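Asker: Pasting in a structure now, in C-alpha coordinates, and then I'll have a few things to ask.
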Amino acid sequence: MSETARTFLAFALFALVLAFAPLVFTSGLALTMMSLMGVMIIFALSYNVLLGQTGLLSFGHAVYYGLGGFCAAHAMNYVARNKFGVPLPAIPLVGAAAGLFFGAIFGAVSTRRAGTVFSMISLGIGELVAALAGIQRSFFGGEDGIATNRVKLSPFLGYKFGPQIQVYYLIAAWCLICVVLMYALTRTPFGRMSNAVRDNPERAEFVGYSTQRIRFQAFVLSAMFAGVAGSLAAINFELMNSQAIGAGASGQVLLMTFVGGIGHFFGPIIGAVLITFLQISLSDITKAWMLYFGLLFILVVMFAPGGIAGWLSLHQPLLRGGRIFKLVPSYLMAAVPLAALVLGGIALIEMAHHMLVEAGSEGSRMQLFGIAFDGASPIAWLVALAVFAGGALGLKLVWPRIDDAWAAAQAEGKKA
(Lines of atoms letter the chains of each structure in order from A and count residues from 1; the text may use other names and numbers.)
(Lines give C-alpha, C1' and ligand atoms only; values in the text may rest on other atoms or scores of the structure.)
Protein backbone atom coordinates (compact mmCIF):
# COMPACT_ATOMS: atom_id res chain seq x y z
CA MET A 1 0.00 0.00 0.00
CA SER A 2 1.36 3.41 -0.97
CA GLU A 3 1.96 6.21 1.52
CA THR A 4 -0.88 8.26 0.00
CA ALA A 5 -3.30 5.37 0.40
CA ARG A 6 -2.22 4.79 4.01
CA THR A 7 -2.66 8.49 4.79
CA PHE A 8 -6.11 8.57 3.21
CA LEU A 9 -7.10 5.44 5.14
CA ALA A 10 -5.86 6.94 8.40
CA PHE A 11 -7.89 10.12 7.95
CA ALA A 12 -10.95 8.16 6.84
CA LEU A 13 -10.70 6.07 9.99
CA PHE A 14 -10.26 9.22 12.07
CA ALA A 15 -13.39 10.73 10.49
CA LEU A 16 -15.36 7.55 11.18
CA VAL A 17 -14.29 7.57 14.82
CA LEU A 18 -15.41 11.19 15.16
CA ALA A 19 -18.74 10.43 13.48
CA PHE A 20 -19.68 7.26 15.35
CA ALA A 21 -18.13 7.84 18.79
CA PRO A 22 -21.35 9.45 20.18
CA LEU A 23 -23.30 6.37 19.08
CA VAL A 24 -21.07 4.18 21.26
CA PHE A 25 -20.54 6.53 24.21
CA THR A 26 -23.94 8.07 24.74
CA SER A 27 -23.79 9.50 28.25
CA GLY A 28 -23.69 13.23 28.91
CA LEU A 29 -20.28 12.94 30.55
CA ALA A 30 -18.90 11.10 27.52
CA LEU A 31 -20.20 13.77 25.13
CA THR A 32 -18.68 16.53 27.23
CA MET A 33 -15.37 14.66 27.44
CA MET A 34 -15.25 13.96 23.70
CA SER A 35 -16.07 17.59 22.91
CA LEU A 36 -13.17 18.71 25.07
CA MET A 37 -10.94 16.10 23.43
CA GLY A 38 -11.72 17.61 20.02
CA VAL A 39 -10.74 21.06 21.26
CA MET A 40 -7.54 19.78 22.84
CA ILE A 41 -6.56 17.85 19.70
CA ILE A 42 -6.51 21.10 17.72
CA PHE A 43 -4.69 22.89 20.55
CA ALA A 44 -2.02 20.19 20.89
CA LEU A 45 -1.46 19.92 17.13
CA SER A 46 -1.11 23.69 16.88
CA TYR A 47 1.59 23.51 19.54
CA ASN A 48 3.29 20.72 17.62
CA VAL A 49 3.60 23.06 14.62
CA LEU A 50 5.95 25.04 16.85
CA LEU A 51 7.72 22.34 18.85
CA GLY A 52 7.59 19.20 16.75
CA GLN A 53 7.89 20.76 13.30
CA THR A 54 10.01 23.88 13.92
CA GLY A 55 11.76 23.08 17.20
CA LEU A 56 10.46 26.09 19.15
CA LEU A 57 9.72 25.31 22.79
CA SER A 58 7.07 27.78 23.94
CA PHE A 59 5.91 28.28 27.52
CA GLY A 60 3.11 30.67 26.62
CA HIS A 61 1.13 29.03 23.83
CA ALA A 62 -2.11 29.33 25.81
CA VAL A 63 -2.03 33.09 25.12
CA TYR A 64 -3.32 32.54 21.58
CA TYR A 65 -5.77 29.85 22.68
CA GLY A 66 -7.20 32.19 25.32
CA LEU A 67 -7.22 35.35 23.23
CA GLY A 68 -8.92 33.48 20.39
CA GLY A 69 -11.54 32.27 22.85
CA PHE A 70 -12.13 35.72 24.33
CA CYS A 71 -12.48 37.31 20.89
CA ALA A 72 -14.90 34.56 19.88
CA ALA A 73 -16.98 35.08 23.04
CA HIS A 74 -17.17 38.84 22.44
CA ALA A 75 -18.08 38.20 18.80
CA MET A 76 -20.89 35.85 19.82
CA ASN A 77 -22.30 38.42 22.23
CA TYR A 78 -22.02 41.18 19.62
CA VAL A 79 -23.73 39.09 16.93
CA ALA A 80 -26.52 38.04 19.30
CA ARG A 81 -27.03 41.58 20.59
CA ASN A 82 -27.32 43.10 17.11
CA LYS A 83 -29.17 40.09 15.68
CA PHE A 84 -26.77 39.60 12.79
CA GLY A 85 -27.34 36.50 10.69
CA VAL A 86 -23.99 34.89 11.50
CA PRO A 87 -24.32 31.17 12.33
CA LEU A 88 -22.39 29.56 15.13
CA PRO A 89 -20.14 27.37 12.89
CA ALA A 90 -18.56 30.57 11.50
CA ILE A 91 -17.41 31.82 14.93
CA PRO A 92 -14.15 29.77 14.92
CA LEU A 93 -13.06 31.96 12.02
CA VAL A 94 -13.04 34.84 14.50
CA GLY A 95 -10.78 32.85 16.78
CA ALA A 96 -8.51 32.01 13.84
CA ALA A 97 -8.26 35.70 12.90
CA ALA A 98 -7.55 36.67 16.52
CA GLY A 99 -4.84 34.03 16.85
CA LEU A 100 -3.33 35.15 13.55
CA PHE A 101 -3.35 38.81 14.62
CA PHE A 102 -1.83 38.33 18.07
CA GLY A 103 0.55 35.69 16.74
CA ALA A 104 1.90 38.20 14.23
CA ILE A 105 2.37 40.85 16.92
CA PHE A 106 4.05 38.68 19.54
CA GLY A 107 5.80 36.50 16.97
CA ALA A 108 7.56 39.47 15.42
CA VAL A 109 9.36 39.89 18.75
CA SER A 110 9.81 36.34 20.02
CA THR A 111 10.91 34.61 16.79
CA ARG A 112 13.94 36.87 16.33
CA ARG A 113 15.78 34.36 18.47
CA ALA A 114 15.48 30.61 18.92
CA GLY A 115 16.34 28.10 21.64
CA THR A 116 16.32 29.15 25.27
CA VAL A 117 15.90 32.84 24.44
CA PHE A 118 12.69 32.14 22.53
CA SER A 119 11.36 30.01 25.39
CA MET A 120 12.02 32.76 27.93
CA ILE A 121 10.41 35.41 25.71
CA SER A 122 7.33 33.20 25.28
CA LEU A 123 7.16 32.73 29.05
CA GLY A 124 7.41 36.48 29.57
CA ILE A 125 4.66 37.18 27.04
CA GLY A 126 2.46 34.59 28.68
CA GLU A 127 2.92 36.11 32.13
CA LEU A 128 2.40 39.61 30.71
CA VAL A 129 -0.93 38.71 29.14
CA ALA A 130 -1.99 36.77 32.26
CA ALA A 131 -1.26 39.84 34.40
CA LEU A 132 -3.11 42.05 31.93
CA ALA A 133 -6.17 39.81 32.30
CA GLY A 134 -6.52 40.94 35.91
CA ILE A 135 -6.30 44.60 34.93
CA GLN A 136 -8.28 44.89 31.69
CA ARG A 137 -11.65 43.80 33.06
CA SER A 138 -13.68 45.15 30.13
CA PHE A 139 -12.13 42.58 27.76
CA PHE A 140 -11.25 39.69 30.07
CA GLY A 141 -14.15 40.06 32.49
CA GLY A 142 -12.04 39.83 35.65
CA GLU A 143 -12.44 36.72 37.80
CA ASP A 144 -15.88 35.95 36.37
CA GLY A 145 -14.72 35.94 32.76
CA ILE A 146 -16.91 36.52 29.72
CA ALA A 147 -20.12 34.53 29.45
CA THR A 148 -22.00 33.99 26.23
CA ASN A 149 -25.00 32.09 24.87
CA ARG A 150 -24.53 30.08 21.69
CA VAL A 151 -28.26 29.46 21.24
CA LYS A 152 -28.91 33.16 20.54
CA LEU A 153 -27.03 33.03 17.25
CA SER A 154 -28.77 32.31 13.95
CA PRO A 155 -29.59 28.65 13.24
CA PHE A 156 -27.44 26.69 10.82
CA LEU A 157 -29.37 24.19 8.68
CA GLY A 158 -32.08 24.33 11.32
CA TYR A 159 -29.75 23.55 14.25
CA LYS A 160 -29.48 25.93 17.21
CA PHE A 161 -26.63 23.98 18.89
CA GLY A 162 -28.31 23.87 22.25
CA PRO A 163 -27.90 20.11 22.93
CA GLN A 164 -24.38 18.90 23.61
CA ILE A 165 -24.55 16.34 20.80
CA GLN A 166 -24.90 19.15 18.24
CA VAL A 167 -21.97 21.02 19.79
CA TYR A 168 -19.90 17.84 19.65
CA TYR A 169 -20.44 17.41 15.92
CA LEU A 170 -19.60 21.07 15.35
CA ILE A 171 -16.32 20.61 17.23
CA ALA A 172 -15.67 17.31 15.44
CA ALA A 173 -16.14 18.94 12.03
CA TRP A 174 -13.71 21.74 12.86
CA CYS A 175 -11.33 19.22 14.40
CA LEU A 176 -11.24 17.17 11.21
CA ILE A 177 -10.73 20.29 9.07
CA CYS A 178 -7.88 21.56 11.24
CA VAL A 179 -6.18 18.17 11.46
CA VAL A 180 -6.25 17.78 7.67
CA LEU A 181 -4.94 21.32 7.15
CA MET A 182 -2.12 20.93 9.65
CA TYR A 183 -1.12 17.59 8.15
CA ALA A 184 -1.15 19.12 4.67
CA LEU A 185 1.07 21.89 6.03
CA THR A 186 3.70 19.33 7.00
CA ARG A 187 3.82 17.99 3.42
CA THR A 188 4.47 21.38 1.79
CA PRO A 189 7.91 22.85 1.03
CA PHE A 190 7.31 25.23 3.94
CA GLY A 191 6.80 22.25 6.24
CA ARG A 192 10.03 20.68 5.03
CA MET A 193 11.91 23.93 5.58
CA SER A 194 10.46 24.14 9.10
CA ASN A 195 11.99 20.73 9.75
CA ALA A 196 15.28 21.96 8.30
CA VAL A 197 15.25 24.98 10.60
CA ARG A 198 14.57 22.64 13.51
CA ASP A 199 17.35 20.19 12.64
CA ASN A 200 20.07 22.38 11.13
CA PRO A 201 19.38 26.14 11.02
CA GLU A 202 22.90 26.93 9.80
CA ARG A 203 22.47 24.79 6.68
CA ALA A 204 19.02 26.30 6.07
CA GLU A 205 20.63 29.75 6.13
CA PHE A 206 23.39 28.52 3.82
CA VAL A 207 20.95 27.45 1.09
CA GLY A 208 19.30 30.87 1.14
CA TYR A 209 16.37 30.63 3.56
CA SER A 210 15.76 33.06 6.41
CA THR A 211 15.37 31.01 9.57
CA GLN A 212 13.75 33.96 11.33
CA ARG A 213 11.12 34.21 8.60
CA ILE A 214 10.40 30.47 8.73
CA ARG A 215 10.07 30.61 12.52
CA PHE A 216 7.77 33.63 12.28
CA GLN A 217 5.50 32.01 9.70
CA ALA A 218 5.30 28.78 11.71
CA PHE A 219 4.57 30.79 14.85
CA VAL A 220 1.74 32.73 13.21
CA LEU A 221 0.14 29.60 11.75
CA SER A 222 0.42 27.83 15.09
CA ALA A 223 -1.25 30.77 16.85
CA MET A 224 -4.04 30.77 14.25
CA PHE A 225 -4.95 27.14 14.90
CA ALA A 226 -4.68 27.72 18.66
CA GLY A 227 -7.20 30.53 18.22
CA VAL A 228 -9.58 28.10 16.52
CA ALA A 229 -9.26 25.76 19.50
CA GLY A 230 -9.94 28.63 21.90
CA SER A 231 -13.05 29.72 20.03
CA LEU A 232 -14.38 26.15 20.08
CA ALA A 233 -13.76 26.08 23.84
CA ALA A 234 -15.78 29.30 24.17
CA ILE A 235 -18.61 27.71 22.18
CA ASN A 236 -18.48 24.50 24.22
CA PHE A 237 -18.38 26.05 27.70
CA GLU A 238 -20.14 29.35 26.84
CA LEU A 239 -17.56 30.96 29.13
CA MET A 240 -13.98 32.17 28.90
CA ASN A 241 -11.92 33.20 31.92
CA SER A 242 -8.33 34.07 32.71
CA GLN A 243 -7.38 30.43 33.36
CA ALA A 244 -7.44 29.84 29.60
CA ILE A 245 -4.41 32.11 29.10
CA GLY A 246 -2.45 31.15 32.23
CA ALA A 247 0.64 29.05 32.70
CA GLY A 248 -1.49 26.05 33.64
CA ALA A 249 -3.05 25.86 30.17
CA SER A 250 0.37 26.26 28.52
CA GLY A 251 1.77 23.49 30.71
CA GLN A 252 -1.17 21.28 29.88
CA VAL A 253 -0.65 21.49 26.10
CA LEU A 254 3.09 20.92 26.61
CA LEU A 255 2.30 17.77 28.60
CA MET A 256 -0.11 16.52 25.92
CA THR A 257 2.41 17.03 23.14
CA PHE A 258 5.33 15.43 24.94
CA VAL A 259 3.37 12.44 26.22
CA GLY A 260 1.85 11.80 22.80
CA GLY A 261 5.13 12.25 20.95
CA ILE A 262 6.48 15.39 19.30
CA GLY A 263 8.26 13.51 16.54
CA HIS A 264 5.06 12.16 15.00
CA PHE A 265 2.05 14.01 13.62
CA PHE A 266 -0.52 11.82 15.36
CA GLY A 267 1.40 11.90 18.64
CA PRO A 268 -0.27 15.08 19.97
CA ILE A 269 -3.66 13.59 19.09
CA ILE A 270 -2.90 10.57 21.27
CA GLY A 271 -1.61 12.82 24.03
CA ALA A 272 -4.65 15.12 23.90
CA VAL A 273 -7.10 12.22 24.12
CA LEU A 274 -5.20 10.46 26.92
CA ILE A 275 -4.52 13.53 29.08
CA THR A 276 -8.07 14.85 28.70
CA PHE A 277 -9.47 11.47 29.72
CA LEU A 278 -7.15 11.22 32.71
CA GLN A 279 -7.80 14.82 33.75
CA ILE A 280 -11.56 14.33 33.89
CA SER A 281 -11.53 10.81 35.35
CA LEU A 282 -8.66 11.19 37.85
CA SER A 283 -10.00 14.44 39.26
CA ASP A 284 -13.11 12.53 40.37
CA ILE A 285 -11.06 9.71 41.90
CA THR A 286 -8.18 11.39 43.71
CA LYS A 287 -7.29 14.85 44.93
CA ALA A 288 -3.64 14.27 44.07
CA TRP A 289 -4.31 13.99 40.33
CA MET A 290 -1.92 16.81 39.45
CA LEU A 291 0.91 14.84 41.02
CA TYR A 292 0.20 11.91 38.71
CA PHE A 293 0.42 14.20 35.69
CA GLY A 294 3.79 15.46 36.86
CA LEU A 295 5.09 11.93 37.38
CA LEU A 296 3.75 10.87 33.98
CA PHE A 297 5.59 13.74 32.29
CA ILE A 298 8.86 12.92 34.10
CA LEU A 299 8.64 9.22 33.25
CA VAL A 300 7.93 9.88 29.58
CA VAL A 301 10.81 12.34 29.26
CA MET A 302 13.20 9.94 31.03
CA PHE A 303 12.24 6.56 29.58
CA ALA A 304 10.25 7.29 26.39
CA PRO A 305 11.43 10.62 24.95
CA GLY A 306 9.62 9.82 21.72
CA GLY A 307 6.29 9.65 23.56
CA ILE A 308 3.58 7.08 23.05
CA ALA A 309 3.64 7.52 19.28
CA GLY A 310 7.40 7.01 19.25
CA TRP A 311 7.08 3.82 21.26
CA LEU A 312 4.38 2.52 18.93
CA SER A 313 6.42 3.39 15.84
CA LEU A 314 9.21 1.13 17.09
CA HIS A 315 6.82 -1.80 16.74
CA GLN A 316 5.66 -0.88 13.24
CA PRO A 317 8.43 -2.73 11.32
CA LEU A 318 7.92 -5.80 13.49
CA LEU A 319 4.18 -5.66 12.89
CA ARG A 320 4.62 -5.46 9.12
CA GLY A 321 7.09 -8.35 9.15
CA GLY A 322 4.88 -10.50 11.37
CA ARG A 323 7.53 -10.64 14.09
CA ILE A 324 5.59 -8.71 16.72
CA PHE A 325 4.42 -11.93 18.36
CA LYS A 326 7.97 -12.69 19.45
CA LEU A 327 7.67 -9.86 21.96
CA VAL A 328 4.40 -11.03 23.48
CA PRO A 329 5.87 -13.56 26.02
CA SER A 330 8.38 -11.04 27.39
CA TYR A 331 5.73 -8.30 27.56
CA LEU A 332 3.39 -10.61 29.46
CA MET A 333 6.18 -11.41 31.91
CA ALA A 334 6.79 -7.70 32.45
CA ALA A 335 3.07 -6.96 32.95
CA VAL A 336 2.93 -8.50 36.44
CA PRO A 337 5.85 -6.60 38.04
CA LEU A 338 4.79 -3.44 36.21
CA ALA A 339 1.30 -3.72 37.69
CA ALA A 340 2.80 -4.25 41.16
CA LEU A 341 5.05 -1.23 40.68
CA VAL A 342 2.12 0.98 39.66
CA LEU A 343 -0.20 -0.24 42.43
CA GLY A 344 2.49 0.16 45.08
CA GLY A 345 3.32 3.64 43.84
CA ILE A 346 -0.36 4.66 43.88
CA ALA A 347 -0.72 3.34 47.42
CA LEU A 348 2.32 5.30 48.63
CA ILE A 349 1.15 8.51 46.94
CA GLU A 350 -2.41 8.26 48.24
CA MET A 351 -1.32 7.46 51.80
CA ALA A 352 1.20 10.29 51.82
CA HIS A 353 -1.37 12.75 50.45
CA HIS A 354 -3.98 11.65 52.94
CA MET A 355 -1.68 11.88 55.95
CA LEU A 356 -0.17 15.23 54.94
CA VAL A 357 -3.29 17.00 53.68
CA GLU A 358 -6.48 15.34 54.90
CA ALA A 359 -5.62 13.55 58.14
CA GLY A 360 -6.07 16.69 60.22
CA SER A 361 -9.74 17.01 59.28
CA GLU A 362 -10.75 13.46 58.32
CA GLY A 363 -8.50 11.33 60.52
CA SER A 364 -6.03 8.67 59.52
CA ARG A 365 -8.65 6.14 58.38
CA MET A 366 -8.80 5.87 54.59
CA GLN A 367 -9.94 3.58 51.80
CA LEU A 368 -7.95 2.49 48.74
CA PHE A 369 -8.82 -0.11 46.10
CA GLY A 370 -11.95 -0.89 48.12
CA ILE A 371 -9.90 -1.73 51.24
CA ALA A 372 -10.33 0.31 54.43
CA PHE A 373 -7.23 0.70 56.63
CA ASP A 374 -5.41 3.09 58.91
CA GLY A 375 -3.02 5.33 57.00
CA ALA A 376 -0.93 5.85 60.12
CA SER A 377 -0.29 2.12 60.56
CA PRO A 378 3.33 1.06 59.86
CA ILE A 379 2.02 -2.20 58.44
CA ALA A 380 0.14 -0.40 55.67
CA TRP A 381 3.26 1.54 54.70
CA LEU A 382 5.42 -1.58 54.77
CA VAL A 383 2.97 -3.50 52.56
CA ALA A 384 2.78 -0.66 50.03
CA LEU A 385 6.55 -0.27 50.02
CA ALA A 386 7.05 -4.02 49.63
CA VAL A 387 4.68 -4.16 46.63
CA PHE A 388 6.40 -1.17 45.03
CA ALA A 389 9.92 -2.49 45.64
CA GLY A 390 8.94 -5.99 44.51
CA GLY A 391 7.51 -4.63 41.28
CA ALA A 392 10.62 -2.54 40.62
CA LEU A 393 12.92 -5.53 41.30
CA GLY A 394 10.82 -7.87 39.18
CA LEU A 395 10.78 -5.40 36.29
CA LYS A 396 14.56 -5.06 36.49
CA LEU A 397 14.95 -8.84 36.32
CA VAL A 398 12.57 -9.20 33.38
CA TRP A 399 14.00 -6.32 31.36
CA PRO A 400 16.95 -8.31 29.89
CA ARG A 401 14.42 -10.77 28.46
CA ILE A 402 12.67 -7.90 26.67
CA ASP A 403 16.01 -6.73 25.24
CA ASP A 404 16.79 -10.27 24.05
CA ALA A 405 13.36 -10.59 22.43
CA TRP A 406 13.85 -7.26 20.63
CA ALA A 407 17.30 -8.28 19.44
CA ALA A 408 16.01 -11.65 18.17
CA ALA A 409 13.08 -10.05 16.33
CA GLN A 410 15.29 -7.45 14.68
CA ALA A 411 17.94 -10.00 13.73
CA GLU A 412 15.30 -12.17 12.05
CA GLY A 413 14.13 -9.11 10.13
CA LYS A 414 17.65 -8.45 8.82
CA LYS A 415 17.98 -12.05 7.66
CA ALA A 416 14.68 -11.80 5.81
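Counting from 1050, one number per residue, gives the positions in the sequence shown under this note's numbering. Ideal placement from N, C-alpha and C gives every residue a C-beta, glycine not left out. It should be emphasised that the depicted structure is a prediction, and the values quoted were computed from it without experimental measurement.
In its own chain, which residues sit with a C-beta less than 7 Å from the C-beta of valine 1349, not counting the 5 before and 5 after it?
Answerer: Working through the sequence shown from its first residue, we reach residue 1349 at position 300. Answer for valine 1349: Phe1307, Val1308, Gly1356, listed in chain order.
Asker: Would you check if the distance between the CB atom of histidine 1313 and the CB atom of glycine 1343 is smaller than 8 Å?
Answerer: For the purposes of this step, residue 1313 is taken as the residue at position 264 of the sequence shown. For the purposes of this step, residue 1343 is taken as the residue at position 294 of the sequence shown. Their beta carbons are not under 8 Å apart, which means histidine 1313 does not touch glycine 1343 by this criterion.
Asker: What residues in its chain sit with their C-beta under 6 Å from that of serine 1271, if we drop five residues either side in the sequence?
Answerer: To locate residue 1271, count along the sequence shown from 1; it is residue 222. Around serine 1271: Ser1095, Val1098, Leu1099.
Asker: Specify, as a first and last residue, the run of the alpha helix (DSSP H) that phenylalanine 1529 falls within.
Answerer: Because the chain spans 1050 through 1465 in this model, residue 1529 falls outside it and cannot be assessed.
Asker: Just to confirm the assignment, what range does the alpha helix (DSSP H) spanning arginine 1369 have?
Answerer: Stepping through the sequence shown from its first residue, residue 1369 is reached at position 320. Looking at the DSSP string, the run of the alpha helix (DSSP H) that includes arginine 1369 is 1356-1369.
Asker: Measure the beta-carbon distance from alanine 1296 to glycine 1175 and round it to whole angstroms, keeping in mind my assumption that it falls under 8 Å.
Answerer: What you label residue 1296 is simply residue 247 of the sequence shown in a count that begins at 1. What you label residue 1175 is simply residue 126 of the sequence shown in a count that begins at 1. Right, the Cβ-Cβ distance comes to about 6 Å (below 8 Å), so this counts as a contact.
Asker: If we count the other Cβ atoms within 10 Å of its Cβ and call it buried at 16 or more, is methionine 1089 buried or exposed?
Answerer: For the purposes of this step, residue 1089 is identified with residue 40 of the sequence shown, where counting begins at 1. Methionine 1089 should be labelled buried.
Asker: Please return the same chain residues whose Cβ sits closer than 6 Å to the Cβ of glycine 1148, not counting the five positions on each side in sequence.
Answerer: The count along the sequence shown starts at 1 and reaches residue 1148 at position 99. Excluding residues within five positions, the ones whose Cβ falls inside 6 Å are Tyr1113, Gly1117, Ala1272, Met1273, Ala1275, Gly1276.
Asker: Could you check if threonine 1260 is buried or exposed, using at least 16 other CB atoms within 10 Å of its CB as the buried criterion?
Answerer: Indexing the sequence shown from 1 puts residue 1260 at position 211. Threonine 1260 should be labelled buried.
Asker: Tell me which same chain residues have a C-beta within less than 7 Å of the C-beta of phenylalanine 1108, skipping the five on either side of it?
Answerer: The count along the sequence shown starts at 1 and reaches residue 1108 at position 59. Within the same chain, phenylalanine 1108 has close Cβ partners Ser1168, Ser1171, Leu1172, Gly1175, Ser1299.
Asker: The alpha helix (DSSP H) spanning arginine 1199 covers which residue range?
Answerer: Here residue 1199 corresponds to residue number 150 of the sequence shown, with the count starting at 1. Unbroken run through arginine 1199: none, as it is neither H nor E.
Asker: Here's the rule I'm using: 16 or more other beta-carbon atoms within 10 Å means buried, otherwise exposed. How should asparagine 1285 be labelled?
Answerer: Here residue 1285 corresponds to residue number 236 of the sequence shown, with the count starting at 1. With 16 or more other Cβ atoms within 10 Å, it is buried.
Asker: Among Ala1233, Lys1375, Met1242, which one has its Cα closest to the Cα of phenylalanine 1315?
Answerer: In the sequence shown, residue 1315 corresponds to position 266, counting from 1. The option with the nearest alpha carbon to phenylalanine 1315 is Ala1233.
Asker: Three-state secondary structure (DSSP) at leucine 1177?
Answerer: Locating residue 1177 in the sequence shown gives position 128, counting from the first residue. It is helical.
Asker: Can you give the Cα-Cα distance for glutamine 1213 and glycine 1440, rounded to whole angstroms?
Answerer: Along the sequence shown, read from residue 1 onward, the residue named residue 1213 stands at position 164. Along the sequence shown, read from residue 1 onward, the residue named residue 1440 stands at position 391. So the alpha carbons of these two residues sit roughly 43 Å apart.
Asker: Quick check on arginine 1414: does DSSP put it in helix, strand or coil?
Answerer: Numbered from its first residue, the sequence shown carries residue 1414 at position 365. Looking at arginine 1414 - three-state DSSP - the assignment turns out to be strand.
Asker: Which of the three DSSP states, helix, strand or coil, is assigned to proline 1250?
Answerer: On the sequence shown, residue 1250 is found 201 positions in, with the first residue counted as 1. Three-state result, proline 1250: helix.
Asker: Just to confirm, is the Cβ distance from valine 1087 to alanine 1221 under 8 Å?
Answerer: For the purposes of this step, residue 1087 is taken as the residue at position 38 of the sequence shown. For the purposes of this step, residue 1221 is taken as the residue at position 172 of the sequence shown. Here residue 1087 turns out to be glycine, not valine, going by the sequence shown. Cβ atoms of glycine 1087 and alanine 1221: closer than 8 Å.
Asker: Starting from alanine 1163, trace the alpha helix (DSSP H) both ways and give me its first and last residue.
Answerer: Taking the sequence shown and counting its residues from 1, the one referred to as residue 1163 is at position 114. Looking at the DSSP string, alanine 1163 is not in any alpha helix (DSSP H), and its letter there is neither H nor E.
Asker: Looking only at its own chain, which residues have a Cβ that is under 7 Å from the Cβ of glutamine 1215, when we skip the five neighbours before and after it?
Answerer: Translated into the one-based positions of the sequence shown, residue 1215 becomes position 166. Contacts found: Tyr1208.
Asker: Residues in the same chain with beta-carbon distance under 8 Å from alanine 1145, minus the five sequence neighbours each way, listed in chain order, please.
Answerer: Sequence index remark: in the sequence shown, residue 1145 carries index 96 (1-based). Same-chain partners within the cutoff: Gly1117, Met1273, Phe1274, Gly1276, Val1277, Ser1280.
Asker: Ignore the nearest five residues each way along the sequence and tell me which others in glutamine 1292's own chain have a CB closer than 8 Å to its CB.
Answerer: Start at 1 with the first residue of the sequence shown, and residue 1292 comes out as number 243. So the qualifying residues of the chain are Ala1298.
Asker: Going by C-alpha to C-alpha distance, which of Leu1340, Thr1053, Gly1164, Phe1265 sits closest to isoleucine 1398?
Answerer: Walking along the sequence shown from the start, residue 1398 turns up at place 349. Here the closest residue by C-alpha is Leu1340.
Asker: So, with DSSP's three-state summary, where would you put phenylalanine 1205?
Answerer: Walking along the sequence shown from the start, residue 1205 turns up at place 156. Residue state, collapsed to three classes: strand.
Asker: Name, in chain order, the residues that DSSP records as bridge partners for methionine 1289.
Answerer: Here the question's residue 1289 lines up with position 240 in the sequence shown. According to DSSP, methionine 1289 bridges with Ile1195.
Asker: Among Phe1418, Ile1154, Ala1079, Cys1120, whose alpha-carbon lies nearest the alpha-carbon of isoleucine 1334?
Answerer: The residue labelled residue 1334 in the question sits at position 285 within the sequence shown. Of Phe1418, Ile1154, Ala1079, Cys1120, the residue nearest in Cα terms is Phe1418.
Asker: Taking the continuous alpha helix (DSSP H) assigned at phenylalanine 1315, which residues delimit it?
Answerer: What you label residue 1315 is simply residue 266 of the sequence shown in a count that begins at 1. From DSSP, phenylalanine 1315 is part of no alpha helix (DSSP H); its letter is neither H nor E.
Asker: Alpha helix (DSSP H) containing tyrosine 1258: first to last residue?
Answerer: For the purposes of this step, residue 1258 is taken as residue 209 along the sequence shown, with counting starting at 1. Unbroken run through tyrosine 1258: none, as it is neither H nor E.
Asker: Please report the straight-line C-alpha distance between isoleucine 1428 and alanine 1396, rounded to a whole angstrom.
Answerer: Counting from 1 along the sequence shown, the entry for residue 1428 is found at position 379. Counting from 1 along the sequence shown, the entry for residue 1396 is found at position 347. C-alpha separation (whole angstroms): 13 Å.
Asker: So, is phenylalanine 1092 buried or exposed, given that buried needs 16 or more other C-beta atoms within 10 angstroms?
Answerer: Numbered from its first residue, the sequence shown carries residue 1092 at position 43. That one is buried.
Asker: Quick check on DSSP: helix, strand or coil for lysine 1212?
Answerer: Residue numbering aside, residue 1212 sits at position 163 when the sequence shown is read from its first letter. The sequence as given places proline at residue 1212; lysine does not occur at that position. Coil, per DSSP.
Asker: Shortest alpha-carbon distance to valine 1135 belongs to which of Ser1159, Leu1202, Phe1239, Gly1320?
Answerer: In the sequence shown, counting from the first residue as 1, residue 1135 sits at position 86. Closest by alpha carbon: Leu1202.
Asker: Decide if tyrosine 1127 is buried, meaning its Cβ has at least 16 other Cβ atoms within 10 Å, or exposed.
Answerer: Position 78 of the sequence shown, counted from the first residue, corresponds to residue 1127. So tyrosine 1127 ends up on the exposed side.
Asker: Can you name the start and end residues of the alpha helix (DSSP H) that methionine 1125 belongs to?
Answerer: As a position in the sequence shown, residue 1125 is number 76, starting the count at 1. 1111-1131 is the extent of the alpha helix (DSSP H) around methionine 1125.
Asker: Roughly how many angstroms lie between the CA atoms of valine 1229 and phenylalanine 1422, to the nearest whole one?
Answerer: Numbered from 1 along the sequence shown, position 180 holds the residue referred to as residue 1229. Numbered from 1 along the sequence shown, position 373 holds the residue referred to as residue 1422. Rounded to the nearest angstrom, the two C-alpha atoms are 52 Å apart.
Asker: With a threshold of 7 Å on Cβ separation, who are the neighbours of tyrosine 1258 within its own chain once the five nearest residues in sequence on each side are excluded?
Answerer: Start at 1 with the first residue of the sequence shown, and residue 1258 comes out as number 209. Excluding residues within five positions, the ones whose Cβ falls inside 7 Å are Met1242.
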